[in-house]
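Chemist: Residue numbers (UniProt numbering), protein chains in the order written: chain S, 1 to 610; chain X, 1 to 610.
2 protein chains.
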Amino acid sequence: MVKESRVDVLIIGAGPCGLMCANALAGAGVDFRIIDNRPIGVAAGQADGIQPRTIEVLQSYGLAEPLLKDGAQMHLCAFYNPGPSGGIERTGRTADVTAPSARYPFKITIAQASIEALFIESLKSQGISVDRPIVPSSLEISEDPKELLDPSSYPVKVVLDHILPSDATPEQEIVHAKFVLGADGAHSWVRKTLGFSMDGEQSDYIWGVIDFIPDTDFPDIRNRAAIHSSNGSCMIIPREGDKVRFYLQMSDKDVMDPETGRIDKNKVTAENLINTARKTFYPYTVNEPKEVDWCSIYIIGQRVASKFSKHERVFIGGDACHTHSPKAGQGMNASMNDTHNLAWKLAQVLRGRADMSLLKTYELERQKYAQDLIDFDREFSTLFSGKPRTSENQEGVTHEQFLRAFQASGGFSSGIGVHYMPSAIVDTIHQGCAPNIIIGQRMLPQIFVRVADARPVEIQDMLPADTRFKLLLFVGLLTPEQLANVRRLAEELQLPTSFLQKYDYPAQGKVQSMFDIISITAGHKDDVNFLDLPPTFRTHWSKVLIDDTDVTGRLGGGAYPRFGIDETEITMVVVRPDGYVGMIAPSTALESMDKYFGSFLIGKTLNPVE
Amino acid sequence: MVKESRVDVLIIGAGPCGLMCANALAGAGVDFRIIDNRPIGVAAGQADGIQPRTIEVLQSYGLAEPLLKDGAQMHLCAFYNPGPSGGIERTGRTADVTAPSARYPFKITIAQASIEALFIESLKSQGISVDRPIVPSSLEISEDPKELLDPSSYPVKVVLDHILPSDATPEQEIVHAKFVLGADGAHSWVRKTLGFSMDGEQSDYIWGVIDFIPDTDFPDIRNRAAIHSSNGSCMIIPREGDKVRFYLQMSDKDVMDPETGRIDKNKVTAENLINTARKTFYPYTVNEPKEVDWCSIYIIGQRVASKFSKHERVFIGGDACHTHSPKAGQGMNASMNDTHNLAWKLAQVLRGRADMSLLKTYELERQKYAQDLIDFDREFSTLFSGKPRTSENQEGVTHEQFLRAFQASGGFSSGIGVHYMPSAIVDTIHQGCAPNIIIGQRMLPQIFVRVADARPVEIQDMLPADTRFKLLLFVGLLTPEQLANVRRLAEELQLPTSFLQKYDYPAQGKVQSMFDIISITAGHKDDVNFLDLPPTFRTHWSKVLIDDTDVTGRLGGGAYPRFGIDETEITMVVVRPDGYVGMIAPSTALESMDKYFGSFLIGKTLNPVE
């Protein structure tokens, strides 16, 4: 008797990609299971850079605080190149995060285990745990088009093997799922089973990596540092406490078996890596470390999966879809952001509030991002692995070349510049109403002041990843004339044909309503009374903000001109549940808004929810 | 057989005063017990305003975060007075916190129970809990001068009655303590047992207080608001969630029993209080509340205990030493700050590192503060309870009078202005070296940048309440000449006669070392190498700061001119374990520093610790 069960979403793999998805679905009250083939989570090593945008995303789930407290922060990047004496010398320092709108102007390093623990704790507080060790052994998708189009069907059948202690035969289980996520890493079984290829190439550069507590006179040991020396390159990544990570370029002779011509892992010892570092760091000294945490070796390869989804029923995410070098610290970020993008879409489809076609935007948005990522990584890795320019090597990479590439890629590498192209959920038709809030990019951080209690609030903190669309209503300067317009708009939005009525549903348990309205006035905080706004636009006293400074004059203000919004108009900005701007419209173009939401949401009258 | 036991410190009373003491002693590894006569802690109501300085203090114990997250914040104070029509109208708004150096420019309201829970959780994580319900029944102090002077003696004998369920006779226990703290409230049994009087007077003003969720069109319902109406005064204090507190001036006829002339508590119902509010708020409406949390009544009285300590062996703190009106939100703050002042002194004396005379500074510092507090409260209460100036009442209090008093008292009421007078631990001789860091006041908040990793840090976060003296070493601009001076100073401080050697002890478990050195350079972060400082002045890479802005240019910088410190000199600022500046000296006056510490610390050679 094989046990059979049903689940809405089956997540295969409990790394950062799978756990992000699990946590988001748990918050949305979605029925899911998460399984993993390892008996316990990761220990030392592995990906651990957290980019500024990822901090914003984790904050939208209420999970950023522990990172900010416990992680190492990288604020500066220092650059070293060969000096006239042959040893390295500092050629410059620059802000490590060059995206000016980053809410957190730094990167964080923290062990992957700590990130996973965050999610696992959050799941635990909701009574959910990872099922492990479990290995999937077969996966079949129905080919019946009717079944595939019916969001309430279970067209995916997965056989799971429960690994038992000792050598006992695994216990089998059959799971029928509405949706499956393969978050099972670079060697993804799900990807292979679906038959998706990994497109890209392997480079010849070999890198060693070592985590340890250094003893050195190198002055930038607590900054990110990019060292180009005549003896190879090194990237320093400071880590928690006194630890640092070195990425070290290795020469073939250091790591190859001369007989077979293949990498000999036995040659990669902490001692060898430290010796390589010594040559690279000269004239600075690197003494024998007291404590070595972990070391390893890798060859750079940049690849993207040919597809990210089959029939919008089985998805892959994270390392299963993209592999690249770890030095730019993107891996874990791309992985978590994949499922941050997917989870709210799954939730709305499963609730019967969004059309199945919404799920197509996952591959559309994330595959393009992955392609950009490996292009970026290839360019950056080549520059970094190349020989530096010296008097003997006039063909080498100059500091200026490297710095230019570093700064030009700042928007991308910080995650801040991620830009989703027009689609059902990204409509740029009225971009002109707020030219500096880029539709398709994440909503800009900005401090406003709450009208009712003069408390400064960061707008991003009012945009939690709670599956709701946020409607930022820039009501402008509340002159009597403008107030009349605002009231008229409220009346229009009360009509049953308006998107606000047609697509909203009352919240029920963990199933949130579809919209949250935040009103933002211009003017001075002493003159505005939040009770003047019609009740539709002040569902709670905390939801009315003003673009003014706080009582100290140090925080907030200037958003209308910064965003390019006219204070004499009413401008609506739609922020998607994942924090990306989906649509902007003037109050005179309500029909555009109705059309936008109508293209992927299911109206109450069209398809009543039982 | 009565159980007998010994303890270093016995704390009687587990309100905010006793719990603050317990938590501080636990952190210092001191042997103590805390008892309380209530079977469980407080529920609704009671003191709950947290002033800016108290937030700083809680932050120095790592306990501020939950308050900042869960508490209501008051940023503005609004003032209402009778208008020409007879009803109230707004006469102005001002920042609620007028002390410009406040790190947190707002006040917090949160239930006393939440504050107590913070401490109780922190104690629990260290394996400590409150013993309850226990009532002390006798307290005797030895009169033997030799015993009293010996810090290792147990001169206080307290009999405790353990209250048992049902009517069983309490179980008795005898405790021999080195020190006792009476934190047992306004009706303090400890104070009465010691025979200390409460000096001061009772006023005639009667006030009602009610916590509820209001339904009103009053626009400042989420701000602190001071309303003077012809029908009495009201103070609004917004609270957590949607709750608010009203303090309402009651007329005699509302609350007195006409026969006895005494307050009839039965007359104080939520309905009566809301009716009083309605008259005060006219023309604004106050509808029947959906939810009333708590209501009560009180008569203002301002009193201070004649003494705060007996033989520096039994101390009283909190409401046991000072009572005043709750409207200014000072009660819980004064109470916690009493024991914040006392705890590190007890810890150092018990470790044998400070002289018993250090304990005299508790009464010296906190009794003066308490007297200032009730003077402030009397003035403020009188102004607030007085009739407002109207055309009929030309003798009344004007808005300008009240606003002036409000703003003038901002330093005091925020706690920021607390200023301890010269004593063994406050030495103002070299105030001129840093004229704007006031000796006797708390160290000013200021953001610096860490040299090693360019991370901005708030200096207050480097001054935890860990019983250590912090030595802020302003080393100035590190020219070659200045560096030579810095190295010379390091050598002088290495001499066995220097305070840094004489009074320091290695840390052992929870027993911290005596000093922590933080070096602060001037100049630009790109030019300074933290490794240039002698090892004495960089005990860890994180302890070297620079007075410069962070990578965004938005945080930090300007401290040397702000503090009035010369960049071409070396200036030492001593911050006491409680965050107050104890001493400032130029590097050329090391003998002043030796003298300062010698006046209350016990040197290694003089009195070796076993």
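Each residue gets a CB set at the ideal place from its N, CA and C atoms; glycine is no exception.
Because the structure is a prediction, the values reported are computed rather than measured.
Any contact between the region 11-21 of chain S and the region 111-125 of chain S? By contact I mean 3 or more CB pairs, one from each, below 8 Å.
Modeler: The answer is yes - the region 111-125 of chain S touches the region 11-21 of chain S, with three or more Cβ pairs under 8 Å.
Chemist: So who's on the other strand from valine 158(S), going by DSSP bridges?
Modeler: As a first step, residue 158(S) must be located in the first sequence, where it is residue number 158. The partner list for valine 158(S) (beta bridge, DSSP) reads Leu139(S) and Val175(S).
Chemist: My understanding is that histidine 324(X) touches leucine 373(X), with C-beta atoms under 8 Å, so please give their C-beta distance in whole angstroms.
Modeler: On the second sequence, residue 324(X) is found 324 positions in, with the first residue counted as 1. On the second sequence, residue 373(X) is found 373 positions in, with the first residue counted as 1. The Cβ separation is near 6 Å, so the contact holds.
Chemist: Using the beta-carbon count (16 or more within 10 Å), is isoleucine 40(S) buried or exposed?
Modeler: In the first sequence, counting from the first residue as 1, residue 40(S) sits at position 40. So isoleucine 40(S) ends up on the exposed side.
Chemist: My understanding is that isoleucine 459(X) touches phenylalanine 469(X), with C-beta atoms under 8 Å, so please give their C-beta distance in whole angstroms.
Modeler: Locating residue 459(X) in the second sequence gives position 459, where the first residue counts as 1. Locating residue 469(X) in the second sequence gives position 469, where the first residue counts as 1. The Cβ separation is near 15 Å, so there is no contact.
Chemist: How many angstroms separate the CA atom of asparagine 529(X) from the CA atom of glycine 509(X)?
Modeler: By 1-based counting over the second sequence, the position of residue 529(X) is 529. By 1-based counting over the second sequence, the position of residue 509(X) is 509. Between asparagine 529(X) and glycine 509(X), the C-alpha separation is close to 33 Å.
Chemist: Cβ of asparagine 337(X) less than 8 Å from any chain S Cβ?
Modeler: What you label residue 337(X) is simply residue 337 of the second sequence in a count that begins at 1. Chain S, which has no Cβ nearer than 8 Å to the Cβ of asparagine 337(X), makes this no.
Chemist: Run through the region 301-364 of chain X for me and flag every whole alpha helix (DSSP H) of 4 or more residues, listed as ranges in chain order.
Modeler: DSSP runs (the alpha helix (DSSP H)) wholly in the region 301-364 of chain X: 331-350.
Chemist: Under 8 Å, with one C-beta from each stretch per pair, do the region 579-586 of chain S and the region 418-428 of chain S reach the 3-pair mark?
Modeler: Touching, yes, given that three or more Cβ pairs across the two stretches are closer than 8 Å.
Chemist: What is the residue span of the alpha helix (DSSP H) that leucine 403(X) lies within?
Modeler: Walking along the second sequence from the start, residue 403(X) turns up at place 403. Counting along the chain, the alpha helix (DSSP H) containing leucine 403(X) begins and ends at 399-408.
Chemist: State buried or exposed for methionine 336(S), treating a residue as buried only when at least 16 other CB atoms are found within 10 Å of its CB.
Modeler: Stepping through the first sequence from its first residue, residue 336(S) is reached at position 336. Methionine 336(S) comes out buried.
Chemist: With a threshold of 8 Å between beta carbons, is cysteine 17(S) in contact with chain X?
Modeler: Counting from 1 along the first sequence, the entry for residue 17(S) is found at position 17. With 8 Å as the cut-off, cysteine 17(S) does not count as an interface residue toward chain X.
Chemist: At a CB-CB cut-off below 8 Å, which residues of chain X make contact with asparagine 287(S)?
Modeler: Translated into positions along the first sequence, residue 287(S) becomes position 287. The contacting residues do not exist; asparagine 287(S) stays about 14 Å from chain X at best.
Chemist: Just the C-alpha distance for glycine 261(S) and glycine 208(S), rounded to the nearest angstrom, thanks.
Modeler: Locating residue 261(S) in the first sequence gives position 261, where the first residue counts as 1. Locating residue 208(S) in the first sequence gives position 208, where the first residue counts as 1. Straight-line Cα distance between these residues: approximately 17 Å.
Chemist: Measuring only the C-alpha atoms, how far is valine 190(X) from arginine 576(X)?
Modeler: Start at 1 with the first residue of the second sequence, and residue 190(X) comes out as number 190. Start at 1 with the first residue of the second sequence, and residue 576(X) comes out as number 576. Roughly 29 Å between the two C-alpha positions.
Chemist: Could you give the DSSP three-state label for aspartate 131(X): helix, strand or coil?
Modeler: Numbered from its first residue, the second sequence carries residue 131(X) at position 131. It is a strand residue.
Chemist: Going by Cα to Cα distance, which pick from Gln482(X), Gln446(X), Gly301(X) and Ile50(X) is closest to proline 66(X)?
Modeler: Here residue 66(X) refers to the residue found at position 66 of the second sequence. Taking only the C-alpha atoms, the option nearest proline 66(X) is Ile50(X).
Chemist: If we count the other Cβ atoms within 10 Å of its Cβ and call it buried at 16 or more, is arginine 6(S) buried or exposed?
Modeler: For the purposes of this step, residue 6(S) is identified with residue 6 of the first sequence, where counting begins at 1. It is exposed - the Cβ of arginine 6(S) has fewer than 16 other Cβ atoms within 10 Å.
Chemist: I want to verify the contact list: residues of chain S whose CB lies under 8 Å from the CB of arginine 93(X), in sequence order.
Modeler: In the second sequence, residue 93(X) corresponds to position 93, counting from 1. Correct list: Asp526.
Chemist: Helix, strand or coil for tyrosine 284(X) per DSSP?
Modeler: Within the second sequence, the letter at position 284 stands for residue 284(X). Note: tyrosine 284(X) maps to coil in three-state DSSP.
Chemist: Please identify, using Cβ separations under 9 Å, the residues of the region 539-558 of chain X that lie next to chain S, in order along the chain.
Modeler: The region 539-558 of chain X vs chain S, Cβ under 9 Å: His540, Trp541, Ser542, Asp550, Val551, Thr552 and Arg554.
Chemist: So that I know if they touch, is there some Cβ in chain X lying closer than 8 Å to that of aspartate 217(S)?
Modeler: As a working note, residue 217(S) is residue 217 in the first sequence. At least one chain X Cβ lies under 8 Å of aspartate 217(S).
Chemist: Is there at least one Cβ from chain X nearer than 8 Å to proline 238(S)'s Cβ?
Modeler: Along the first sequence, read from residue 1 onward, the residue named residue 238(S) stands at position 238. By this cut-off, proline 238(S) is an interface position.
Chemist: Would you list, in chain order, the members of the region 74-105 of chain S that have their beta-carbon closer than 7 Å to a beta-carbon of chain X?
Modeler: If the cut-off is 7 Å between Cβ atoms, the region 74-105 of chain S has His75, Leu76, Arg93, Ala95 and Pro105 near chain X.
Chemist: Could you say which of Glu143(X), Val30(X), Asp167(X) and Pro105(X) lies nearest to glutamine 126(X) if we only look at CA atoms?
Modeler: As a working note, residue 126(X) is residue 126 in the second sequence. Checked all of Glu143(X), Val30(X), Asp167(X) and Pro105(X); the closest Cα to glutamine 126(X) is Val30(X).
Chemist: Measuring alpha carbon to alpha carbon, tell me which residue in Gln59(S), Glu395(S), Ser85(S) and Ile602(S) is nearest valine 349(S).
Modeler: The sequence position of residue 349(S) within the first sequence is 349, counting from 1. Among Gln59(S), Glu395(S), Ser85(S) and Ile602(S), the Cα nearest to that of valine 349(S) is on Ile602(S).
Chemist: Just the Cα atoms here: how many angstroms apart are leucine 489(S) and glycine 352(S)?
Modeler: Counting from one through the first sequence, the residue named residue 489(S) turns up at place 489. Counting from one through the first sequence, the residue named residue 352(S) turns up at place 352. Rounded to whole angstroms, leucine 489(S) to glycine 352(S) spans 28 Å at the Cα level.
Chemist: Could you name the residues of chain S that asparagine 223(X) contacts, counting a contact when the two beta carbons are closer than 7 Å?
Modeler: Here residue 223(X) refers to the residue found at position 223 when the second sequence is read from its first residue. Those within 7 Å of asparagine 223(X) in chain S are Asp453 and Ala454.
Chemist: Listing by chain order, which chain S residues have their CB less than 8 Å from the CB of leucine 531(X)?
Modeler: As a position in the second sequence, residue 531(X) is number 531, starting the count at 1. Near leucine 531(X) (Cβ distances below 8 Å), the residues of chain S are Asp217 and Pro219.
Chemist: Given this structure, state the Cα-to-Cα distance separating glutamate 400(S) from glycine 415(S), to the nearest angstrom.
Modeler: In the first sequence, residue 400(S) corresponds to position 400, counting from 1. In the first sequence, residue 415(S) corresponds to position 415, counting from 1. Glutamate 400(S) and glycine 415(S): Cα-Cα distance of roughly 23 Å.
Chemist: Rounded to whole angstroms, what's the CA-CA distance from arginine 33(X) to isoleucine 12(X)? Just pull it up for me.
Modeler: The residue labelled residue 33(X) in the question sits at position 33 within the second sequence. The residue labelled residue 12(X) in the question sits at position 12 within the second sequence. So the alpha carbons of these two residues sit roughly 8 Å apart.
Chemist: At 3 residues or longer, what runs of the beta strand (DSSP E) sit wholly inside the region 529-595 of chain X?
Modeler: Correct list: 544-546, 571-575 and 581-586.
Chemist: Count Cβ pairs between the region 209-218 of chain X and the region 233-247 of chain X that sit closer than 8 Å; are there 3 or more?
Modeler: Short answer: they touch.
Chemist: Taking the straight line between their C-alpha atoms, what separation do you get for lysine 3(X) and leucine 346(X)?
Modeler: In the second sequence, residue 3(X) corresponds to position 3, counting from 1. In the second sequence, residue 346(X) corresponds to position 346, counting from 1. C-alpha separation (whole angstroms): 26 Å.
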